[in-house]
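Single-structure report; data block below.
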Amino acid sequence: MKFKSPPVNSLSLEFLTEFSIGLEKLENNRACRGVIITSAVPKIFSSGLDITEMCGKSVEHYGEFWRAVQEMWLRLYGSNMVTVAAVNGSSPAGGCLIALSCDYRIMAENPKFSIGLNEAQLGIVAPFWFKDTFVNVVGHRIAERSLQLGSLHPAPEAQRLGLVDELVPEEKLMEKAAAVMAQWLALPDHARQLTKTMMRKAVLDRLVAHREEDIKNFITFVSKESIQKSLRMYMEMLKKRKS
Amino acid sequence: MKFKSPPVNSLSLEFLTEFSIGLEKLENNRACRGVIITSAVPKIFSSGLDITEMCGKSVEHYGEFWRAVQEMWLRLYGSNMVTVAAVNGSSPAGGCLIALSCDYRIMAENPKFSIGLNEAQLGIVAPFWFKDTFVNVVGHRIAERSLQLGSLHPAPEAQRLGLVDELVPEEKLMEKAAAVMAQWLALPDHARQLTKTMMRKAVLDRLVAHREEDIKNFITFVSKESIQKSLRMYMEMLKKRKS
Amino acid sequence: MKFKSPPVNSLSLEFLTEFSIGLEKLENNRACRGVIITSAVPKIFSSGLDITEMCGKSVEHYGEFWRAVQEMWLRLYGSNMVTVAAVNGSSPAGGCLIALSCDYRIMAENPKFSIGLNEAQLGIVAPFWFKDTFVNVVGHRIAERSLQLGSLHPAPEAQRLGLVDELVPEEKLMEKAAAVMAQWLALPDHARQLTKTMMRKAVLDRLVAHREEDIKNFITFVSKESIQKSLRMYMEMLKKRKS
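Protein chains in written order, with numbering that gives the first Met the number 0: chain A, 0 to 242; chain B, 0 to 242; chain C, 0 to 242.
Pasting the structure below:
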């Protein structure tokens, strides 16, 4: 699966919906046992949630958008397939969540590429299931510091912290991802899937149990004038940087 | 305590029953404050659960066998004694569980010896309390990957992952185990025991609360024709390898 | 904030009460967004709970003392401010708890300074919320071993285990602490505070829910003749060491 939504693969409502439908199709395709997720856009894996979806829209829109974010994560983190992230560019916020939700993370060995849940930098808070996914990968201490600081970790640091499993030169990334996939697919599917479910069920169940509440929280939070202001300022900063 | 059930110290119903009774006796013996667990069989610590107990037997037998596995773990993981594993050989699956359940793990520094919960390789799934014990030692991320891949980690890798605490040359293993035991026994028993209980109670309680359900799950799982077939194939592979 | 209660900054009822009031004042002072905690006493950060408060006193006194210990931790671990511990001396037991409760720990790079929850060495048991705080910093495995052995880790080992985040030469400690503080204060307060709450709420709530029970347990425990004897012996040992 290659993300191709230039310029930065931002997770818009449309992008998320297509991604979830794509995952569902593969999940139901018995011939497909694994998926490698990477980007067709140079230097960016995914820039995370599309801020324009959170800015100056209706309450209904916010709700629909957030449900799509949840849906994508529930499908990806709970996938029966082997999921490998070949992170070939920077991967902040929601982009990092996608990588964290895979079974294995390989990143291009380029210190200019960074990854992390940097929501706090934008004045917003990663939701509890982003946090749970993060803690399951790097442990409580590293997650606590990284989330509070909204850190974006350059690739070498990301590997040291356990945020990604392996670094390889960019030109070898897909070759390595295929090799990892072959290793994981060598296991009998049924036992591997039950094991994965056992490891991830508690965290998945927690969102399922609090899904509507989580949507309401998001709407309330994002509708605040102070948050709208932060997001507008952030978008303007991005625009200036571009030009 | 020396495991001596050639050829591979597999955990048969008889072996488990004797082990549990042995632990109970030591536990009730006020003169005994600690136990070192090792193997009298060269190159093997324990090969794990005896597959012949899970293959072609009655439902009653499966139930009795599984209860004995639970009983052994409840006694060992919940022991008031200081428990040190001197892992002087390979230690897959149930053998690894025994090591994980001790307070401290020393392994012979021989890269040919490996240790891990490799159930997924056999097409079966480590039960939740194997998983809980594993997570308490190596954390969620390492446990998730290792359990899904059914990895057997060579001794140096096992140490890097935190699966064992220390590697020493094989000829110094017992000497080192005795030194570690002396260090742990220097603490006042009562405070040490209460601390151990505080750390392990949640995981022990979880099996106690779901014990009958866990036995039923095991019986249902192991009675499946597909699982029986996997186990038969695995046993034949072992026989061929031997001859 | 500088601890200045010679000879060893032990956490007496008076000290704890003043510390909690100090934290409360800073918390309510909108101009104060962060606090650096260090010691004005050479070679000692804090020696932990004052044993004289637990020895030969009334049941009422024990209850009042324990409530003050809880109060201090609830305020510090749950603080909305950025909290940095500049550990410029040894920091056993309750002193270690104070450091563990901060957002970031810097320690003087002096192998003679040690830190740890060494309660087991005194024949007593660290309460569950000391343990929860410790597990959140170093993970379950390291906490289990360290608590059972009542280990005091020299600074370099403390850093290796993740118990402190960074070591710096003693003369650079405050400079470094100020730099770390500046880095944390660069984040928008609201998002950082909500993130911190999300990470720590489960552990804070657990004490709040069991607070009275925890006080009763402490009173029962500390009133036992065997514990009183242990504490008296420990105090006499300290006195002899001094002279």
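The beta carbon of each residue, even a glycine, is placed where N, CA and C say it ideally should be. Note that the structure is predicted; figures quoted are calculated from it, not measured.
* If I'm right that leucine 10/C touches serine 38/C with Cβ under 8 Å, what's the distance once you round it to whole angstroms? => For this step, residue 10/C is matched to residue 11 along the third sequence. For this step, residue 38/C is matched to residue 39 along the third sequence. Actually they do not touch by this definition, with Cβ atoms about 12 Å apart.
* To do: Compare the C-beta of histidine 139/B with all C-beta atoms of chain A and state if any pair is closer than 8 Å.
  => Taking the first residue of the second sequence as position 1, residue 139/B is located at position 140. Taking Cβ atoms only, chain A reaches closer than 8 Å to histidine 139/B, which makes this a yes.
* **Bridge partner(s) assigned by DSSP for glutamate 70/A** => Within the first sequence, the letter at position 71 stands for residue 70/A. As DSSP reads the structure, glutamate 70/A sits in no beta bridge.
* Asked: If you draw a straight line from the alpha carbon of alanine 154/B to that of serine 19/B, how long is it in whole angstroms?
  -> Locating residue 154/B in the second sequence gives position 155, where the first residue counts as 1. Locating residue 19/B in the second sequence gives position 20, where the first residue counts as 1. Alanine 154/B and serine 19/B: Cα-Cα distance of roughly 27 Å.
* Asked: Thinking just about the alpha-carbon of each residue, which of His189/A, Ser145/A, Ile214/A is nearest to the one in glutamate 70/A?
  -> Here residue 70/A refers to the residue found at position 71 when the first sequence is read from its first residue. Selected option, being the one with the closest Cα: Ile214/A.
* Measuring alpha carbon to alpha carbon, tell me which of Arg159/A, Gly149/A, Arg240/A, Met198/A ends up nearest aspartate 102/A. => Here residue 102/A is taken as the residue at index 103 of the first sequence, counted from 1. For the residues Arg159/A, Gly149/A, Arg240/A, Met198/A, the minimum Cα distance to aspartate 102/A belongs to Met198/A.
* To do: Count the other CB atoms, across all protein chains shown, that sit within 10 Å of the CB of lysine 130/C; report buried if there are 16 or more and exposed otherwise.
  => Against the third sequence, residue 130/C aligns to sequence position 131. With 16 or more neighbouring CB atoms inside 10 Å of its own CB, lysine 130/C falls in the buried class.
* Cβ atoms of leucine 160/A and asparagine 87/A: under 8 Å apart, would you say? -> Counting from 1 along the first sequence, the entry for residue 87/A is found at position 88. Counting from 1 along the first sequence, the entry for residue 160/A is found at position 161. No, the Cβ-Cβ distance between asparagine 87/A and leucine 160/A is not below 8 Å.
* To do: Please compile the residues from chain B whose C-beta is within a distance smaller than 8 Å of the C-beta of glycine 122/C.
  => In the third sequence, counting from the first residue as 1, residue 122/C sits at position 123. Near glycine 122/C (Cβ distances below 8 Å), the residues of chain B are Pro187, His189, Ala190.
* Asked: At what residues does the alpha helix (DSSP H) containing serine 150/C begin and finish?
  -> What you label residue 150/C is simply residue 151 of the third sequence in a count that begins at 1. Note, serine 150/C: premise wrong, no alpha helix (DSSP H); not H, not E.
* Would you mind reading off the limits of the alpha helix (DSSP H) that contains methionine 180/C? => As a position in the third sequence, residue 180/C is number 181, starting the count at 1. 172-184 is the span of the alpha helix (DSSP H), which, as asked, contains methionine 180/C.
* Measure the C-alpha to C-alpha separation of histidine 209/C and alanine 201/C and round it to an integer number of angstroms. => Walking along the third sequence from the start, residue 209/C turns up at place 210. Walking along the third sequence from the start, residue 201/C turns up at place 202. Histidine 209/C and alanine 201/C have their C-alpha atoms roughly 13 Å apart.
* To do: Measure from the C-beta of phenylalanine 127/C to each C-beta in chain B and report whether the shortest distance is under 8 Å.
  => As a first step, residue 127/C is located in the third sequence; it is residue number 128 there, counting from the start. Chain B contact via Cβ: present.
* Asked: So is valine 167/A in contact with chain B if we call contact Cβ pairs under 8 Å?
  -> Residue 167/A sits at position 168 when you count from the first residue of the first sequence. Chain B, which has no Cβ nearer than 8 Å to the Cβ of valine 167/A, makes this no.
* Rounded separation between lysine 121/B and valine 68/B - CA only -> Mapped onto the second sequence, residue 121/B falls at position 122. Mapped onto the second sequence, residue 68/B falls at position 69. First, the amino acid is wrong: residue 121/B is leucine here, not lysine. When rounded, the distance between both Cα atoms is 18 Å.
* **Range covered by the beta strand (DSSP E) that runs through glycine 21/B** => Along the second sequence, read from residue 1 onward, the residue named residue 21/B stands at position 22. Where glycine 21/B is concerned, there is no enclosing beta strand (DSSP E), although the alpha helix (DSSP H) it sits in stretches over 12-27.
* **Residue burial classification, arginine 104/C (beta-carbon count within 10 angstroms, cutoff 16)** => Counting from 1 along the third sequence, the entry for residue 104/C is found at position 105. By the neighbour-count criterion, in which 16 or more other beta carbons inside 10 Å mark a residue as buried, arginine 104/C falls on the buried side.
* Indicate whether the contact test is met: 3 or more Cβ pairs, each with one atom in the segment 80-96 of chain B and one in the segment 51-62 of chain B, closer than 8 Å. => no
* To do: Please name the residue, chosen from Val179/B, Ser100/B, Leu12/B, Lys1/B, that lies closest to phenylalanine 133/B on a Cα-to-Cα basis.
  => Here residue 133/B refers to the residue found at position 134 when the second sequence is read from its first residue. It is Ser100/B.
* Closest Cβ-Cβ distance between valine 83/B and chain C: below 8 Å? -> Working through the second sequence from its first residue, we reach residue 83/B at position 84. Not one chain C Cβ lies under 8 Å of valine 83/B.
* Go to arginine 210/C, then tell me how far its beta strand (DSSP E) extends in each direction, as first and last residue. => On the third sequence, position 211 is the one that residue 210/C refers to. Counting along the chain, arginine 210/C falls outside any beta strand (DSSP E), though it belongs to the alpha helix (DSSP H) covering 210-222.
* Asked: Where does valine 40/A sit, in a helix, a strand or coil, going by DSSP?
  -> Within the first sequence, residue 40/A is the residue found at index 41, counting from 1. Of the three classes helix, strand and coil, the one that applies to valine 40/A here is coil, per DSSP.
* Asked: Using CA coordinates, which residue listed in Thr16/C, Pro110/C, Ile43/C, Ile35/C is at the minimum distance from arginine 66/C?
  -> For the purposes of this step, residue 66/C is identified with residue 67 of the third sequence, where counting begins at 1. Minimum Cα distance to arginine 66/C is reached at Thr16/C.
* Is the segment 46-53 of chain A in contact with the segment 2-9 of chain A, if contact means three or more CB pairs nearer than 8 Å? -> yes
* Contact list for alanine 119/C against chain B, beta-carbon separation under 8 Å -> Numbered from 1 along the third sequence, position 120 holds the residue referred to as residue 119/C. The contacting residues are Leu186, Pro187, Ala190, Arg191, Thr194.
* Using a cut-off of 7 Å between C-beta atoms, extract the partners of alanine 143/C located in chain B. => Numbered from 1 along the third sequence, position 144 holds the residue referred to as residue 143/C. In the sequence under discussion, the amino acid at residue 143/C is glutamate, which differs from the alanine named in the question. Result: Met198.
* To do: Just the chain A side, please: which residues come within less than 9 Å of leucine 230/B by C-beta, in chain order?
  => As a working mapping, residue 230/B is identified with position 231 in the second sequence. None at all; the shortest Cβ gap to chain A is about 12 Å.
* Leaving aside the five residues before and after glutamate 23/C along the sequence, list all residues of the same chain whose C-beta is less than 8 Å from its C-beta, in chain order. => If you number the third sequence from 1, residue 23/C lands on position 24. Here the set comprises Arg74.
* Would you mind reading off the limits of the beta strand (DSSP E) that contains leucine 99/B? => If you number the second sequence from 1, residue 99/B lands on position 100. Careful: leucine 99/B lies outside any beta strand (DSSP E), inside the alpha helix (DSSP H) at 92-100.
* Should leucine 237/C be flagged as near chain B, meaning a C-beta pair shorter than 8 Å? -> Against the third sequence, residue 237/C aligns to sequence position 238. Judged by the 8 Å Cβ criterion, leucine 237/C is not in contact with chain B.
* Would you grab the beta carbon distance between methionine 181/B and alanine 119/C for me? Rounded to a whole angstrom, and I think it's under 8 Å. => Along the second sequence, one-based indexing puts residue 181/B at 182. Along the third sequence, one-based indexing puts residue 119/C at 120. The question names methionine, but residue 181/B in the sequence shown is alanine. Actually they do not touch by this definition, with Cβ atoms about 16 Å apart.
* alanine 201/C (DSSP reduced to helix, strand or coil) -> Walking along the third sequence from the start, residue 201/C turns up at place 202. Reduced to three states, the DSSP call for alanine 201/C is helix.
* Which residue or residues does DSSP assign as beta-bridge partners of isoleucine 105/B? -> Against the second sequence, residue 105/B aligns to sequence position 106. DSSP lists Ala85/B, Glu165/B as partners of isoleucine 105/B.
* Asked: Is the CB of glycine 21/B under 8 Å away from at least one CB in chain A?
  -> Residue mapping note: residue 21/B aligns to position 22 of the second sequence, counting from 1. No, because no Cβ of chain A sits closer than 8 Å to the Cβ of glycine 21/B.
* Asked: Taking the Cβ atom as the reference point for each residue, do valine 40/C and serine 222/C lie within a distance shorter than 8 Å?
  -> Within the third sequence, the letter at position 41 stands for residue 40/C. Within the third sequence, the letter at position 223 stands for residue 222/C. Contact: no.
* Asked: So what does DSSP say about serine 229/B, is it helix, strand or coil?
  -> Locating residue 229/B in the second sequence gives position 230, where the first residue counts as 1. DSSP places serine 229/B in helix when its eight states are reduced to three.
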